[in-house]
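A quick write-up on the structure given underneath.
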Amino acid sequence: MPDSISVEVVCATAERQLLRKVTLPVGSRVIEAVKQSGILQAMPEVAFDPSRLGVFSRRVSPDDTLRDGDRVEIYRPLTLDPKDARRRRVR
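Quick note: the sequence shown, position 59, residue 60 per the numbering used here, numbers continuous.
And the structure:
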């Protein structure tokens, strides 16, 4: 059984997106992947909130355990309500 896992950590803004691959020990948590990726330092404009994390589009806790091949996603707050955005596009 391998003693390490490989995961991706991604974050996107309107201007750019960043993906980092990290190798972690088996049993590592979501927050550890975010910290080791260095994305928060590379994208200081992102207002990080530990409650806005996901794995493959599913919300997770920062303390959830990762599996090999997971993609950790750092979500940003919505700047516009989706319904309002659709209404504006229709007009």
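Glycine included, C-beta positions come from ideal geometry on N, C-alpha and C.
From the options, residue whose alpha carbon lies closest to that of residue i
{"i": "Pro51", "options": "Pro78, Arg87 and Val27", "result": "Pro78"}
{"i": "Gly28", "options": "Ala15, Asp65 and Lys22", "result": "Asp65"}
{"i": "Lys36", "options": "Glu16, Pro3, Pro83 and Ile75", "result": "Ile75"}
{"i": "Pro63", "options": "Glu16, Leu54 and Asp69", "result": "Leu54"}
{"i": "Val23", "options": "Asp69, Pro45 and Thr14", "result": "Asp69"}
Proximity of residue i and residue j at Cβ, strictly below 8 Å
{"i": "Glu9", "j": "Val73", "result": "yes"}
{"i": "Leu81", "j": "Val31", "result": "no"}
{"i": "Leu19", "j": "Ala43", "result": "yes"}
First through last residue of the alpha helix (DSSP H) which encompasses residue i
{"i": "Arg87", "result": "Pro83 to Val91"}
{"i": "Ala34", "result": "Val31 to Ser38"}
Presumed contact (8 Å Cβ cut-off) between residue i and residue j, rounded CB distance
{"i": "Ala34", "j": "Leu25", "result": "6 Å"}
Continuous beta strand (DSSP E) stretch holding residue i: start and end
{"i": "Leu20", "result": "Gln18 to Pro26"}
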